[in-house]
Amino acid sequence: MISDHLMQWVELSKEEHTQKFWRVVNEMRSEGHDMERETYINILERFVKRKMLQDAVDLYEFSMLGGNKPSVQDCTFLLKKIVVSKELDMDLFLKVLQVFKANGNILTNANLDAIIKSLTSVGRMTECNRILAAMEEAGYVPTGSSQSNIAFKLTRGGKTREATYLMEKMVASEHSSDYSTWMSLIKGYCVARDLDEACKSFREMVDKEGASSAGPALDLLVGTYCRKNRPLDAYNFLVEMVIGKGLSPWHTTYKALTSKLLAKKHFKQALGVMDMMKHQGYPPDLDSFVGYLSRTGRADDAVIFSQAMTSKRFPATSVFLRLFEAYLKAGRRTEAQDFLSKCPRYIRNHADVLNLFCSTQSGVTRTAAVAV
Numbered sequence: 001m002i003s004d005h006l007m008q009w010v011e012l013s014k015e016e017h018t019q020k021f022w023r024v025v026n027e028m029r030s031e032g033h034d035m036e037r038e039t040y041i042n043i044l045e046r047f048v049k050r051k052m053l054q055d056a057v058d059l060y061e062f063s064m065l066g067g068n069k070p071s072v073q074d075c076t077f078l079l080k081k082i083v084v085s086k087e088l089d090m091d092l093f094l095k096v097l098q099v100f101k102a103n104g105n106i107l108t109n110a111n112l113d114a115i116i117k118s119l120t121s122v123g124r125m126t127e128c129n130r131i132l133a134a135m136e137e138a139g140y141v142p143t144g145s146s147q148s149n150i151a152f153k154l155t156r157g158g159k160t161r162e163a164t165y166l167m168e169k170m171v172a173s174e175h176s177s178d179y180s181t182w183m184s185l186i187k188g189y190c191v192a193r194d195l196d197e198a199c200k201s202f203r204e205m206v207d208k209e210g211a212s213s214a215g216p217a218l219d220l221l222v223g224t225y226c227r228k229n230r231p232l233d234a235y236n237f238l239v240e241m242v243i244g245k246g247l248s249p250w251h252t253t254y255k256a257l258t259s260k261l262l263a264k265k266h267f268k269q270a271l272g273v274m275d276m277m278k279h280q281g282y283p284p285d286l287d288s289f290v291g292y293l294s295r296t297g298r299a300d301d302a303v304i305f306s307q308a309m310t311s312k313r314f315p316a317t318s319v320f321l322r323l324f325e326a327y328l329k330a331g332r333r334t335e336a337q338d339f340l341s342k343c344p345r346y347i348r349n350h351a352d353v354l355n356l357f358c359s360t361q362s363g364v365t366r367t368a369a370v371a372v
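Here the sequence shown stands for residues 1 to 372, where the numbers follow UniProt numbering.
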């Protein structure tokens, strides 16, 4: 072993002595000596510190042929240093991978994740497809989680061209895409607030993967539109997907959109959402509609809502009572009475309805008397 020559090796690894260093290394190998782990680490670190990556890779290859082979972490360390160097040298990158593979090692998600993190740190995510292709050439099999991670980072960073290439390659490969990768792709666009690309990707996902598991991504898109105060755009997109593509959004998706539409006084569109909910078998978002109608809705709006919310001629009496109570509680007695006058006779004559109006009228009268 060469432990006695550690300091000599370290000094020889300076750039001006590189040729002499390699001559000595090869001579000692030919004499049957091997390189100690500590020696290897010290020299490797000095090469990397001086940005002598070619020599660092050659040292890695040399050590792999000896008895004290570098660890898996050493491979990852070198790959990370190569991708953050001033100029990405893919030949060096490939060489490390080939040496690693030739010694029976297998690349994993951990290797890729570490490399992607390094690429991100130097703003070089545009190179991720080349990196991924090189790793696949060395036997790496992409998993859903690794593809999802890359897709998200690309779209979040506005790298649309690279993200499109990734998805096209993935769909065409035997390791086909899945919903989790598409979801990550769309999520990245949403984080970047590029909803046009997010919607485009969603449409592609539905065309390629079907509509059965599109609920989470659709919920994400609608929620992002709503947070950007664009509920009408969310509504139009939802109509396109539900009516045009036959998607079945979550109940919570419908409710969130209904609330935001009514907050922006888009009553007609909120009714449209309720109609889609009804056809899907969901109950209406009664809380949002009652809150809206009691604050700003006219009696005619309440009539339209009560007729539209059910497939029957009229909704349950409890719905009318709740609307009357909300109007009266909001101090809009005139609107409540106007709505009552437009209700069917059995509602106008219902005992609970009459009691509600009488009790609130008595309360108003008592309050007025005290004030006098």
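Where a beta carbon is used, it is the ideal one built from N, C-alpha and C, also for glycine.
Please classify LEU311: does DSSP put it in a helix, a strand, or coil?
Taking the sequence shown and counting its residues from 1, one reaches residue 311 at position 311. Before going on, a small fix: residue 311 reads as Ser here, not Leu. Note: SER311 maps to coil in three-state DSSP.
Contact defined as beta carbons within less than 8 Å: I believe GLN54 pairs with LEU92. What is the distance between those atoms, to the nearest angstrom?
Here residue 54 corresponds to residue number 54 of the sequence shown, with the count starting at 1. Here residue 92 corresponds to residue number 92 of the sequence shown, with the count starting at 1. GLN54 to LEU92, Cβ: 7 Å. Contact.
Consult DSSP for SER341 and reduce its assignment to one of helix, strand or coil.
Here residue 341 is taken as the residue at index 341 of the sequence shown, counted from 1. It is helical.
Assuming ASP233 is part of the alpha helix (DSSP H), what are its boundary residues?
Within the sequence shown, residue 233 is the residue found at index 233, counting from 1. 231 to 239 is the span of the alpha helix (DSSP H), which, as asked, contains ASP233.
Using DSSP with H/G/I as helix, E/B as strand and the rest coil, what is GLY244?
Taking the sequence shown and counting its residues from 1, the one referred to as residue 244 is at position 244. In the structure shown, GLY244 sits in a helix (DSSP, three-state: H, G or I).
For a minimum of 3 consecutive residues, which ranges assigned as the beta strand (DSSP E) are wholly contained in the stretch 142 to 218?
Correct list: empty.
What distance in whole Å lies between the Cβ atoms of ALA211 and GLY246, which are believed to be in contact at a cut-off of 8 Å?
To locate residue 246, count along the sequence shown from 1; it is residue 246. To locate residue 211, count along the sequence shown from 1; it is residue 211. With a Cβ gap of about 6 Å, GLY246 and ALA211 count as contacting.
Assuming contact is defined by CB atoms lying nearer than 9 Å, are GLU127 and VAL83 in contact in what I supplied?
In the sequence shown, residue 127 corresponds to position 127, counting from 1. In the sequence shown, residue 83 corresponds to position 83, counting from 1. Going by C-beta atoms, GLU127 is nearer than 9 Å to VAL83.
Determine whether the beta carbon atoms of LYS329 and SER294 lie at a separation below 9 Å.
Counted from its first residue, the sequence shown places residue 329 at position 329. Counted from its first residue, the sequence shown places residue 294 at position 294. Their beta carbons are under 9 Å apart, which means LYS329 touches SER294 by this criterion.
Please report the straight-line C-alpha distance between TRP250 and THR155, rounded to a whole angstrom.
Your numbering for residue 250 matches position 250 in the sequence shown. Your numbering for residue 155 matches position 155 in the sequence shown. In a straight line, the C-alpha of TRP250 is about 25 Å away from that of THR155.
Nearest-angstrom Cα distance between ASP338 and THR164?
Here the question's residue 338 lines up with position 338 in the sequence shown. Here the question's residue 164 lines up with position 164 in the sequence shown. Distance between the alpha carbons of ASP338 and THR164: 57 Å.
In three-state terms, what does DSSP make of ILE106?
Numbered from 1 along the sequence shown, position 106 holds the residue referred to as residue 106. In this structure, ILE106 counts as coil in the three-state DSSP scheme.
Taking the C-alpha atoms as reference points, what is the distance between ASP178 and THR76?
Here residue 178 refers to the residue found at position 178 when the sequence shown is read from its first residue. Here residue 76 refers to the residue found at position 76 when the sequence shown is read from its first residue. Spanning the two alpha carbons is a distance of roughly 28 Å.
If you compare alpha carbons, which of GLY297, PRO231 and THR334 is closest to GLU360?
Position 360 of the sequence shown holds residue 360. The question names Glu, but residue 360 in the sequence shown is Thr. Among GLY297, PRO231 and THR334, the Cα nearest to that of THR360 belongs to THR334.
Among THR253, THR252, TYR292 and TYR282, which has the Cα closest to the Cα of LYS268?
Working through the sequence shown from its first residue, we reach residue 268 at position 268. If we check each option's Cα against that of LYS268, TYR292 comes out closest.
I want to see whether chain B comes within less than 9 Å of PRO216, judged by CB atoms only; does it?
In the structure shown, chain B does not exist; there is a single protein chain.
Less than 8 Å between the CB atoms is what I'm expecting for ASN109 and SER63, so what's the real figure, rounded?
For the purposes of this step, residue 109 is taken as residue 109 along the sequence shown, with counting starting at 1. For the purposes of this step, residue 63 is taken as residue 63 along the sequence shown, with counting starting at 1. Not confirmed; about 25 Å, so no contact.
With DSSP collapsed to three states, give me the class of ALA138.
As a first step, residue 138 must be located in the sequence shown, where it is residue number 138. Three-state result, ALA138: coil.
Any chance you could list the alpha helix (DSSP H) runs of at least 4 consecutive residues sitting entirely within the stretch 281 to 335, in chain order?
Listed in chain order, the complete alpha helix (DSSP H) runs (minimum 4 residues) inside the stretch 281 to 335 are 286 to 295, 299 to 308 and 317 to 329.
Look at the alpha carbon of THR39 and the alpha carbon of LYS81, and state the distance between them as a whole number of angstroms.
For the purposes of this step, residue 39 is identified with residue 39 of the sequence shown, where counting begins at 1. For the purposes of this step, residue 81 is identified with residue 81 of the sequence shown, where counting begins at 1. Computed Cα separation, rounded: 20 Å.
If I follow the unbroken alpha helix (DSSP H) through HIS251, where does it start and stop?
Residue numbering aside, residue 251 sits at position 251 when the sequence shown is read from its first letter. Unbroken alpha helix (DSSP H) run through HIS251: 251 to 263.
Which of the three DSSP states, helix, strand or coil, is assigned to ALA350?
Here residue 350 is taken as the residue at index 350 of the sequence shown, counted from 1. One point to set straight first is that residue 350 is His, not Ala, in the sequence displayed. Coil.
Go through its chain and collect everything with a Cβ distance to LYS255's Cβ below 6 Å, but skip five positions before and after it.
In the sequence shown, the residue the question calls residue 255 occupies position 255. Answer for LYS255: ASP285, listed in chain order.
In whole angstroms, what separates the C-alpha of ALA114 from that of LEU257?
Position 114 of the sequence shown, counting from 1, holds the residue named residue 114. Position 257 of the sequence shown, counting from 1, holds the residue named residue 257. The straight-line gap from Cα to Cα measures roughly 39 Å.
Report all residues from its chain with a CB closer than 8 Å to the CB of LEU6; omit the five preceding and five following residues, and keep chain order.
Against the sequence shown, residue 6 aligns to sequence position 6. Any reading at LEU6 is ruled out, since the residue's pLDDT is 42, under 50, leaving its predicted position unreliable.
Please state whether DSSP places GLU36 in a helix, a strand or coil.
Position 36 of the sequence shown, counted from the start, is the residue given in the question as residue 36. Looking at GLU36 - three-state DSSP - the assignment turns out to be coil, as it is neither helix nor strand.
If you drop the 5 nearest sequence neighbours on each side, which residues of the same chain put their C-beta closer than 7 Å to that of MET277?
Residue 277 sits at position 277 when you count from the first residue of the sequence shown. Hits under 7 Å: TYR254 and PRO284.
So which of ARG23, ARG161, SER311 and LEU340 has the shortest CA-CA distance to ARG322?
Position 322 of the sequence shown, counted from the first residue, corresponds to residue 322. When only C-alpha atoms are compared, the closest one is LEU340.
Alpha carbon to alpha carbon, how far is GLU87 from GLY215?
Reading the sequence shown from its first residue, position 87 is the one you call residue 87. Reading the sequence shown from its first residue, position 215 is the one you call residue 215. Cα to Cα, GLU87 sits roughly 43 Å from GLY215.
Let me know if CYS190 comes out buried or exposed under the rule of 16 or more other beta-carbons within 10 Å of its beta-carbon.
Counted from its first residue, the sequence shown places residue 190 at position 190. CYS190 is buried by the Cβ-count criterion.
Measure from the alpha carbon of ASP300 to the alpha carbon of each residue in ALA336, LEU78 and LYS169, then state which is nearest.
Here the question's residue 300 lines up with position 300 in the sequence shown. Ranking ALA336, LEU78 and LYS169 by Cα distance to ASP300 puts ALA336 first.
Along the chain, where does the alpha helix (DSSP H) containing SER63 start, and where does it finish?
Position 63 of the sequence shown, counted from the first residue, corresponds to residue 63. Where SER63 is concerned, the enclosing alpha helix (DSSP H) stretches over 53 to 64.
Name the residue from ALA234, ILE347 and LYS260 whose alpha carbon lies nearest to the alpha carbon of PRO315.
One-based indexing of the sequence shown puts residue 315 at position 315. Out of ALA234, ILE347 and LYS260, ILE347 has the C-alpha closest to the C-alpha of PRO315.
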